[in-house]
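Numbering (this note's numbering), first residue to last: 109 to 247.
Below: one structure, written as structure tokens.
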């Protein structure tokens, strides 16, 4: 492989997760607005009953490879803190799962005997197209 040097690109790519409007093709095509990860977390918590919101703010778990980028948890916390009332800012707690969490979850799914029936196979999709999705998962 050929080594490459990243300058500002190393920071711009992750920032798109928080500010998707930075994607230049979205501006030129008039694509609909997408929300950043912080706004999505905030909106999801706000959709819940007021009585449980504090517990959700205190127990945000960031998982997946992208969340291991340097500064991701801190950036997410700041983004959410900027959206909540001042008194709720102290509640924000973001933890990361271990890199093995996805593997562990897949191992658990693999032991569930009904799991294969809950999947859409490539063959089903190839034969029926996107209608296979609506047929198998009507809700």
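Virtual Cβ for every residue (Gly too), placed ideally from N, Cα, C.
- In terms of CA proximity to residue 181, 204 leads the group 208, 235, 204.
- In the three-state reduction of the DSSP assignment, residue 169 falls in the strand class.
- Rounded to whole angstroms, the Cβ separation of residue 144 and residue 126 is 4 Å, and the two are in contact under 8 Å.
- Spatial neighbours of residue 168 in its own chain (CB-CB distance under 6 Å, excluding positions within 5 residues in sequence) are listed in chain order as 202.
- For residue 202, the enclosing beta strand (DSSP E) covers residues 202-204.
- DSSP places residue 216 in the uninterrupted alpha helix (DSSP H) bounded by 209-219.
- Put simply, the stretch 218-234 does not touch the stretch 182-197. Fewer than three CB pairs are less than 8 Å apart.
- Residue 146: member of the alpha helix (DSSP H) spanning 145-154, first to last residue.
- In this structure, the straight-line span from the alpha carbon of residue 159 to that of residue 165 is close to 12 Å.
- If you draw a 10 Å sphere on the C-beta of residue 245, you find fewer than 16 other C-beta atoms in it, and that means exposed.
- In the three-state reduction of the DSSP assignment, residue 157 falls in the coil class, being assigned neither a helical nor a strand state.
- CA-to-CA, the gap between residue 161 and residue 185 works out to about 15 Å.
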